[in-house]
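Numbering (the working numbering), first residue to last: 608 to 1049.
No residue lacks a Cβ here, since even glycine has one placed at the ideal position from N, Cα and C.
What follows is a short report on a single structure.
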């Protein structure tokens, strides 16, 4: 398989979610919740699977709604899930990180925002150095909702952009002017939000180096603290709405690489630190500091400086991560709601770590975050041995002689091969990789 035609996991988890099974259920989830150390801090993700309009490029689990009535009903179920978890948690557990994603979390009204935060913090109070981030759609935000989010503790905002070219926006079903985006960011900063990031995409239909250059320069004019530059994954067999995007308009694999490199150079020229394969951050940002000090991690939101060992995922399709494994809620909103409304956790699938899972996960994360693996350091971190970790690399140096370099007990990925790190990580992956559900390696 060549570099340009390979489709591999993003490795935001190991194993990837397509390998989750029904062997993990609510019983595991309840047991893992009870095993959280009393007095410790955890992270939490809340999934809001609603949008007023469905963007055609999006492959997330979302549904359209013209009114707030389904959102209010769904939040009622989330409140019941919070109550269920509250009865299972040890005493004194606090909340170090909170993230609202979707969908469109900013569809919530002021009252919904206040009630959701109240329910969360009544179960898990914020720790002293908490971070509360929300995904912001500039099309669905106003002064009242910004005021409510900030008043209730939001201190990081993630603004979705995708691309500023009107023609591309029309093709992907996401109209969003630069002025609208700038006004939303100005409003957030005026309210004292200390940290702000922007998401954009490369590999979109009809995208050219000139067009992505223009979009990136507009992003740079907004001066975000960090930027996520994701590659668009065209999977219409999984996300039917993507069938609205004409396949012939998509850039070829080699052209995708040029688009990514064009954007990358612009961010670096503007003094952003390059973080992993698809993030950029200003030198003062927590993500840049984590990368400099070996504390960079990878989770379902991408690169992160979140070091908490437990992530609680609430809502339909949300995934929780524990030291013991992963637990995912029912994906269908109706099934999720029926379960929690009847007083049962909605966990339907997941993965319990066994064998070499923890070691292989740490190796892949080290490759994705640091582009190197030091056998001795990683052995200490995973309570393994350097020899055991080194054996995982048998054949990789022969398979990728021009991409890897060996120095003592460390294997490094050469700088010119950073973009191929997911392809190299696949050779550490002990699970069969199905290409149909994954994005291109570049």
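Straight-line gap, residue i to residue j (C-alpha atoms, nearest Å)
i: residue 861; j: residue 869; result: 13 Å
i: residue 940; j: residue 991; result: 41 Å
i: residue 724; j: residue 803; result: 20 Å
i: residue 1028; j: residue 631; result: 30 Å
i: residue 781; j: residue 672; result: 16 Å
i: residue 978; j: residue 1031; result: 10 Å
i: residue 955; j: residue 816; result: 44 Å
i: residue 609; j: residue 1020; result: Its pLDDT being 49, under 50, residue 609 is placed unreliably in this model, and the value from its coordinates should be taken loosely. Cα to Cα, the separation comes out at about 18 Å.
i: residue 1044; j: residue 845; result: Unreliable placement is indicated for residue 1044, whose pLDDT of 47 sits below 50; no coordinate value is reported for it.
i: residue 903; j: residue 732; result: 25 Å
i: residue 963; j: residue 895; result: 30 Å
i: residue 994; j: residue 1002; result: 15 Å
i: residue 611; j: residue 859; result: Any reading at residue 611 is ruled out, since the residue's pLDDT is 48, under 50, leaving its predicted position unreliable.
i: residue 798; j: residue 689; result: 29 Å
i: residue 953; j: residue 784; result: 39 Å
i: residue 911; j: residue 1024; result: 22 Å
i: residue 1017; j: residue 988; result: 15 Å
i: residue 947; j: residue 683; result: 10 Å
i: residue 1112; j: residue 814; result: This structure gives no information on residue 1112, because the portion of the chain shown stretches from 608 to 1049.
i: residue 821; j: residue 1010; result: 32 Å
Residue nearest to residue i in terms of C-alpha spacing, selected from the options
i: residue 677; options: 694, 668 and 658; result: 658
i: residue 943; options: 713, 681, 969 and 739; result: 681
i: residue 864; options: 823, 810 and 974; result: 810
i: residue 1000; options: 1009, 988 and 982; result: 982
i: residue 1050; options: 698, 629, 989 and 654; result: The requested residue 1050 is not part of the displayed model; the chain covers only 608 to 1049.
i: residue 1026; options: 884, 1004 and 903; result: 884
i: residue 679; options: 647, 719, 708 and 663; result: 719
i: residue 602; options: 958, 998 and 745; result: The shown model of the chain, from 608 to 1049, leaves out residue 602, and the question about it has no answer.
i: residue 661; options: 908, 886 and 777; result: 777
i: residue 763; options: 1018, 621, 873 and 708; result: 708
i: residue 1022; options: 975, 670, 636 and 622; result: 975
i: residue 627; options: 1004, 935, 696 and 772; result: 935
i: residue 930; options: 969, 938 and 911; result: 969
i: residue 704; options: 683, 821, 878 and 734; result: 734
i: residue 1035; options: 1004, 824 and 823; result: 1004
i: residue 696; options: 644, 771 and 796; result: 644
i: residue 996; options: 794, 621, 965 and 663; result: 965
i: residue 637; options: 927, 901 and 980; result: 927
i: residue 760; options: 670, 721 and 772; result: 721
7 Å Cβ cutoff met for residue i and residue j
i: residue 922; j: residue 685; result: yes
i: residue 898; j: residue 875; result: no
i: residue 747; j: residue 713; result: yes
i: residue 915; j: residue 649; result: yes
i: residue 615; j: residue 1033; result: yes
i: residue 765; j: residue 740; result: yes
i: residue 812; j: residue 852; result: yes
i: residue 1013; j: residue 972; result: no
i: residue 857; j: residue 819; result: no
i: residue 711; j: residue 744; result: yes
i: residue 737; j: residue 925; result: no
i: residue 730; j: residue 693; result: yes
i: residue 892; j: residue 833; result: yes
i: residue 826; j: residue 842; result: no
i: residue 1050; j: residue 792; result: Since the displayed the chain opens at 608 and closes at 1049, residue 1050 lies outside it and no answer follows.
i: residue 986; j: residue 909; result: no
i: residue 656; j: residue 1038; result: no
i: residue 907; j: residue 619; result: yes
i: residue 873; j: residue 917; result: no
i: residue 938; j: residue 668; result: yes
i: residue 837; j: residue 795; result: no
Range of the contiguous beta strand (DSSP E) that encloses residue i
i: residue 767; result: 763-769
i: residue 743; result: 733-743
i: residue 682; result: No beta strand (DSSP E) holds residue 682; the alpha helix (DSSP H) holding it covers 676-693.
i: residue 957; result: 954-959
i: residue 807; result: 802-809
i: residue 702; result: 701-709
i: residue 905; result: 904-906
i: residue 1014; result: 1011-1014
Residue range of the alpha helix (DSSP H) that includes residue i
i: residue 757; result: 750-758
i: residue 898; result: 893-899
i: residue 822; result: 816-828
i: residue 874; result: 860-876
i: residue 1050; result: What the structure shows of the chain is the stretch from 608 to 1049, and residue 1050 is not part of that stretch, so it cannot be assessed.
i: residue 997; result: 993-998
i: residue 1003; result: 1003-1006
i: residue 721; result: 717-730
is_contact[residue i, chain B] using C-beta, thresh 7 Å
i: residue 848; result: Of the protein chains in the structure, only one exists, and it is not chain B.
Residue i beta carbon near the ligand NAD (any heavy atom closer than 6 Å)
i: residue 753; result: No copy of the ligand NAD appears in this structure; indeed no ligand is present at all.
Item checked: Secondary structure, beta strand (DSSP E): runs of 3+ residues fully inside the region 610-674 -> 648-655
Margin query: Ignoring anything shorter than 3 residues, give me the beta strand (DSSP E) runs that lie fully in the region 919-978, in order along the chain.
Written below: 926-929, 932-936 and 954-959
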